[in-house]
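Read through the structure below, which is laid out as structure tokens, and then see the notes.
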Amino acid sequence: MVGLTHFVVRKALQEYLPPGRRSLWPTEMLNSRRIPSQHVGQSIETRFDDHEAGLCPQLLGNEEGFIRDSIVKLRDWGARAIDINMGCPVKKALRHNYGVALMGDPDYAAEITAIAVKYAGELPVSVKLRAAAPPKEPQSDPTSVEPDPEFLKDFCLKIQEAGASWITLHPRTAVQQRKGSADWSQIASLKQVMRIPVIGNGDVQTLEDAERMFEQTGCDRVMIGRALVAKPWLLSAAGAPPVEDPLLSGANYGKFLSRVLELSREHYPEPLGVRRFRYLANFGSPYLEYGHHFYSSLTSTDSYDGLRGRLTGFFGARFDRPQKMMSRTCLRY
Ligand SMILES: Cc1cc2nc3c(=O)[nH]c(=O)nc-3n(C[C@H](O)[C@H](O)[C@H](O)COP(=O)(O)O)c2cc1C
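Residues 1227 to 1559, numbered by the numbering used here, are exactly what the sequence shown covers, in order.
This is the structure in structure tokens:
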């Protein structure tokens, strides 16, 4: 996830995973046109820890040469799987004909998948996609695009045929971006026809939500995006009763941010680390009762020390000041 699943955040999140449990860890979306000429491992998007298991770089691309050179580099770098982005709806991706634009041409999307499979060798290749293709003509009314379960099934069967090892479905259209609700029935209907695993995604904010998604859709795994960077303990609670104490959650969120800040100081130059920290807090702070005060306090400092002061000012020096945190919020961004 752009701006969020960089090295430091992944590292802080991984500390919540109980021993013996595993997860896939997607990187930020990586542009296949840039990776071949980059020193992977040095940019914030490509840094990783030697001990990171399940590292799954996500590639944006549509040309064989770039995809090949990116995959060869990422394999050496420590990738455990390669994910192809077929869901990014931003204008730039549509203009370049990658991201969700690939859903507009199922045969070509399958070809891209097959290319990735060819160069990934023993590494599995997955595809992350949406509920519908974007409009065919850039000028046409984008709101006319409705989810189309039959199209989606045919599209995913082609991806499967091309050699994908699993797919992750975020069941919103490109036009919806991340607004409105994710239509889980699309995951259920896809699950009925696919042989490869289907990972369901969209609007999971609590363990109950995750359990409901498993029950309602029959999906093989659940991907949690925005809520995980607010409530990382969802990872450690896997398999435990879904109970969240609002005051305890507030303190725990403060401790998570404190850990991210500590790691940022260790690994990132200050201006970059501060920007990324604020961006992260933008997604978790809406869960706090006074999240807007907390978030706006972060915007008035440009230093690590300043952020530390804002954290302890809000959560208390020992993170024991009662700060209520809701288990769900309106996912706005
Ligand atoms: C800040 C942000 C960046 C994102 N970047 C990516 C991305 O690079 N690749 C991708 O496949 N999805 C990306 N997404 C979409 C998420 O992967 C996910 O599909 C979406 O947020 C719905 O899941 P959620 O309700 O659990 O957050 C991004 C979402 C957010 C909020």
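Built from N, CA and C at the ideal position, the CB exists for glycine as well. Computed from a predicted model, the values in this text were never measured in an experiment.
Query raised in the report: Should valine 1235 go down as buried or exposed, given a rule of 16 or more other Cβ atoms within 10 Å for buried?
Result: buried
Query - Segment limits, beta strand (DSSP E) that includes lysine 1354 - result: 1351 to 1356
**Report entry** Cutoff 7 Å; reference asparagine 1478; Cβ partners in own chain excluding five residues on either side
**Finding:** Trp1459
Query raised in the report: Using a Cβ-Cβ cut-off of 6 Å (strictly less than) and excluding sequence neighbours within five positions of glycine 1229, which residues of its own chain qualify?
Result: Tyr1505
Requested in this report: Report yes or no: do the stretch 1301 to 1308 and the stretch 1336 to 1355 share at least 3 C-beta pairs separated by less than 8 Å?
Outcome: yes
Query raised in the report: Would you call the CB atoms of leucine 1473 and proline 1361 closer than 8 Å?
Result: no
Requested in this report: Run the CB neighbour count on threonine 1272, radius 10 Å, all protein chains shown included, and call it buried at 16 or more, exposed below.
Outcome: buried
Query - Every unbroken alpha helix (DSSP H) inside the stretch 1435 to 1494 [4 residues or more] - result: 1459 to 1462 and 1472 to 1493
Report task. Measure the C-alpha to C-alpha separation of glutamine 1386 and methionine 1420 and round it to an integer number of angstroms. Result -> 8 Å
Report task. Could you tell me which uninterrupted beta strand (DSSP E) segments, each at least 3 residues in length, are contained entirely in the stretch 1313 to 1348, listed from first to last along the chain? Result -> none
Query raised in the report: Among Leu1243, Met1255 and Arg1247, which residue has its Cα nearest to the Cα of histidine 1232?
Result: Met1255
Query raised in the report: From what residue to what residue does the alpha helix (DSSP H) around leucine 1514 run?
Result: Run containing leucine 1514: none; DSSP gives neither H nor E here.
**Report entry** Own chain, CB closer than 8 Å to isoleucine 1422, minus 5 neighbours either side, in chain order
**Finding:** Gln1386, Ala1390, Ser1391, Trp1392 and Ile1393
**Report entry** Nonlocal neighbours in the same chain, by C-beta distance under 7 Å from valine 1602, ignoring five residues either side
**Finding:** The structure shown has nothing for residue 1602, since the chain only spans 1227 to 1559.
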